[in-house]
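Contents: one structure, followed by commentary.
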Amino acid sequence: MRFVVLAFGSAELPSGITLGSVDTATSVQDRGVRDGTFEGPAWALTGIQVVEASDLDAVLETLPPTGTFEVRPAW
Amino acid sequence: MTPSDTALADAWRDHWSRLIGLLIGQFARPDLAEDAVSDAFESAARHWPEDGVPTNTGAWLLTAARRRVLDRLRSEAVQRRKEPLMVVDDEMRAAAAAAVDPGAHVADEQLRLIFACCHPAIAPDDRVALTLRFVVGLTTAEIGRLLLVQESTMAARMTRAKKRLASSGIPFATPGAARLDERLDVVATVVYLAFTSGYHPGEGAVPLRVDLGDEAIRLLRVLDDLLPDRAVIRSLLALLLLQHSRRDTRLDPAGALVLLPDQDRSRWHRDEIVEGVALLELLAASGGGSTGATGSEARSAPDGRGAAGGPASPLADAPRASPTSGHQTRLATEYRLQALIAAERATAPTSADTRWSVIADLYAQLEALTGSPVVRLARAVAVSEASGPEAGLQLLEGLDDALPRHHRVPAVRAELLTRAGHRTAAADAYRAALSLVTNPTERTHLQARLAALDD
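Residue numbers (this note's numbering), protein chains in the order written: chain A, 1 to 75; chain B, 1001 to 1455.
As structure tokens, this is what we get:
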């Protein structure tokens, strides 16, 4: 089986992916772009995708035309 | 001014945004670039008066600023930086690293800088702040004063905005053709906001080192040079030139606002009006709109056409016919209509000779495009000038709901009722306006108008 582990607060996943801080988050709703994180509750999370892209604009281009998304750099 | 002061001011004007652009291009660190360029200018202010002004001021500043960045990077190397850098492509990096003089044309570093500061993933207020800091070169204190934000709050916001610019994946790049018009609209909005913030300085405003109107116009010229034939840039340039041409007559010697009909037209900047009108004619010729209705050509048209309810002016269908064709975005059309209105006012020989029917038509188009109740209010005033107060009054219907706390709606109604001879209704409207007005100057004006009704 495949599992996803999400870490919150100060928790660290030594072999996981580290998300950029909330200051680096960009939210998208139906193609509309704004700064900041998704404002709903964490349990509304329904999917995860890791994208290799040259920059934020390249990622935004790949998103479906409808729906709510949050994009952050990660390393 | 000493020679070194002059050299410093010239260098600041010619090189500030280019130096920042080059350093971001080379090091991908907007935060360090801004500090370093700022430090380099401080250093120049200390050294040039004593050592003399260097032959190539740009090269001197670039070398000094680079040294600062390298110092900072060296001291940072101890603590490993985790967050990603700004996204800069290899070509830009190579060009920026090889540059020895910001005066020489390297790459489109200024354009990249503008698009990065005006990226849609940055909060709208922060786009303005970043542009004023990185592109125009104002200090955080000056920007705080312009945007009516305390200096400490502004400094905190700027720090956050810079961090965002550096590490959220925003590219230091000119957007691709598919997104260019959309992103250029964002840039134009930021430039317009920067321009208008210059006209609404905070209380006890300290003079800025630059005239923001001049700077906004200069920025549009740079954009027009780098990205020619963009309707949104040319329309906004026309609008700002026409508005800015009246700058010397907006305030009386005591600092009070002078309304347009009372301004001394002989002190308007003719060259800027001529340029604004020429730009509008160019736009009309290139399909950005229809011909006529501006300047000398339109002046020869027969009077009385295009009155509200009457035959439409040749302009009437232009924006609706091609709202998205070519480079014409909705915003470009909006700016162009505003500019055409400003051109009518600026080219009228006297306030009384203004072609109000043409202005009323333009406002009708602007209202159809934007649906804005504020535009409808302005349209009502123009229509009443063109076709009498009753026609204007009809357009005010429903506006109180759309602009509930706006004293201007009852104030305009009161004025039109007075002209139509309905004294009692006019008095009621003046009292309604007085219950909403906050500005003391306007309150005095409304009270005087109300008192005059009894004469």
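Using N, Cα and C, we set each Cβ at its ideal position, and we do this for glycine too.
{"Item": "Is the shortest distance between the beta-carbon of aspartate 30/A and the beta-carbons of chain B less than 8 Å?", "Value": "no"}
{"Item": "Pair every Cβ in the stretch 1048-1055 of chain B with every Cβ in the stretch 1002-1022 of chain B, then say whether three or more of these pairs are closer than 8 Å.", "Value": "yes"}
{"Item": "Considering only C-alpha positions, which residue in the set Ser1043/B, Arg1443/B, Pro1054/B, Val1186/B is nearest to aspartate 1066/B?", "Value": "This sequence places arginine at residue 1066/B; aspartate is not what is there. Taking only the C-alpha atoms, the option nearest arginine 1066/B is Ser1043/B."}
{"Item": "Can you tell me whether DSSP reads leucine 1236/B as helix, strand or coil?", "Value": "helix"}
{"Item": "With a CB to CB cut of under 7 Å and the five nearest residues on each side skipped, what residues in its chain are close to serine 1300/B?", "Value": "At serine 1300/B the pLDDT is 38, less than 50, meaning the model places this residue with poor confidence and gives no usable figure here."}
{"Item": "Please report the distance separating the alpha-carbon of arginine 1133/B from that of alanine 25/A.", "Value": "22 Å"}
{"Item": "Starting from the Cα of alanine 1432/B, find the closest Cα among Arg1413/B, Thr1441/B, Ala1095/B, Thr1444/B and give me that residue.", "Value": "Arg1413/B"}
{"Item": "Would you call the stretch 1389-1397 of chain B in contact with the stretch 1423-1442 of chain B, where contact means no fewer than 3 C-beta pairs closer than 8 Å?", "Value": "no"}
{"Item": "Mind pulling the chain B residues with CB within less than 9 Å of serine 10/A?", "Value": "In chain order: nothing, as chain B lies at least about 15 Å away."}
{"Item": "Under 7 Å, CB to CB, which of the residues in the stretch 1090-1123 of chain B have a partner in chain A?", "Value": "Pro1120, Ala1121, Ile1122, Ala1123"}
{"Item": "Alpha carbons only, please: which of Gln1026/B, Leu1193/B, Leu1362/B, Ile1143/B is nearest the one belonging to serine 1093/B?", "Value": "One point to set straight first is that residue 1093/B is arginine, not serine, in the sequence displayed. The shortest C-alpha separation from arginine 1093/B is found at Gln1026/B."}
{"Item": "Can you tell me whether DSSP reads proline 1049/B as helix, strand or coil?", "Value": "helix"}
{"Item": "Go ahead and label threonine 1444/B buried or exposed: buried means 16 or more other beta carbons lie within 10 angstroms of its beta carbon, across all protein chains shown.", "Value": "exposed"}
{"Item": "Starting from phenylalanine 1115/B and walking both ways along the alpha helix (DSSP H), at which residues does that stretch end?", "Value": "1109-1117"}
{"Item": "With a threshold of 8 Å between beta-carbons, can glutamate 1083/B be considered close to chain A, or not?", "Value": "yes"}
{"Item": "Give the DSSP-derived three-state secondary structure of aspartate 1317/B in the structure shown.", "Value": "Its pLDDT being 38, under 50, aspartate 1317/B is placed unreliably by the model, and nothing is read from it."}
{"Item": "Whose C-alpha, out of Ala1116/B, Ala1095/B, Trp1060/B, is nearest the C-alpha of valine 1086/B?", "Value": "For the record, residue 1086/B in the displayed sequence is methionine; it is not valine. If we check each option's Cα against that of methionine 1086/B, Ala1116/B comes out closest."}
{"Item": "For leucine 1366/B and glutamine 1338/B, what's the separation of their Cα atoms in angstroms?", "Value": "8 Å"}
{"Item": "Does DSSP classify aspartate 1101/B as helix, strand or coil?", "Value": "coil"}
{"Item": "Could one say the Cβ of threonine 67/A lies closer than 8 Å to chain B's Cβ atoms, at least one of them?", "Value": "It should be noted that the sequence gives glycine, not threonine, for residue 67/A. Taking Cβ atoms only, chain B never reaches closer than 8 Å to glycine 67/A, which makes this a no."}
{"Item": "Once DSSP output is grouped into helix, strand and coil, what is the label at proline 1440/B?", "Value": "helix"}
{"Item": "From what residue to what residue does the beta strand (DSSP E) around glutamate 76/A run?", "Value": "For residue 76/A there is no data in the structure shown, the boundaries of chain A being 1 and 75."}
{"Item": "What residues of chain B sit near proline 64/A, judged by a beta carbon separation below 9 Å?", "Value": "Chain B residues near proline 64/A: none, gap ~17 Å exceeds 9 Å."}
{"Item": "Does any CB atom of chain A fall closer than 8 Å to the CB of isoleucine 1024/B?", "Value": "no"}
{"Item": "My guess is that aspartate 55/A and glycine 1176/B are in contact by the Cβ rule of under 8 Å, so how many angstroms apart are they, rounded?", "Value": "Aspartate 55/A to glycine 1176/B, Cβ: 11 Å. No contact."}
{"Item": "Spell out whether any CB of chain B is found under 8 Å from the CB atom of valine 22/A.", "Value": "no"}
{"Item": "Below 8 Å between beta carbons is the criterion; list the residues of the stretch 1147-1170 of chain B that meet it against any residue of chain A, in chain order.", "Value": "Arg1160, Lys1163, Arg1164, Ser1167, Ser1168, Gly1169, Ile1170"}
{"Item": "DSSP puts glycine 1213/B in a beta bridge; with which residues?", "Value": "Its beta-bridge partners do not exist; DSSP assigns none."}
{"Item": "On the DSSP letters alone, give me the boundaries of the alpha helix (DSSP H) that glutamine 1026/B sits inside.", "Value": "1003-1027"}
{"Item": "Beta-carbon separation of isoleucine 1359/B and alanine 1332/B under 8 Å?", "Value": "no"}
{"Item": "Counting only Cβ-Cβ distances shorter than 9 Å, please list the residues of the stretch 30-59 of chain A near chain B, keeping chain order.", "Value": "Gly32, Val33, Arg34, Asp35, Gly36, Ala53, Ser54, Asp55, Leu56, Asp57, Ala58, Val59"}
{"Item": "By the three-class DSSP mapping on this structure, what secondary structure does alanine 1458/B have?", "Value": "The structure shown has nothing for residue 1458/B, since chain B only spans 1001 to 1455."}
{"Item": "Report the neighbours of proline 1175/B on chain A: residues whose CB is nearer than 8 Å to its CB, in chain order.", "Value": "Asp57"}
{"Item": "According to DSSP, what are the bridge partners of glycine 1398/B?", "Value": "Glycine 1398/B pairs with nothing; no bridge assigned."}
{"Item": "Is it the case that the Cβ atoms of leucine 1019/B and valine 1037/B are separated by a distance below 8 Å?", "Value": "yes"}
{"Item": "I'd like to confirm the pairing. Which residues does DSSP put opposite leucine 1226/B in its beta bridges?", "Value": "None, per the DSSP bridge assignment."}
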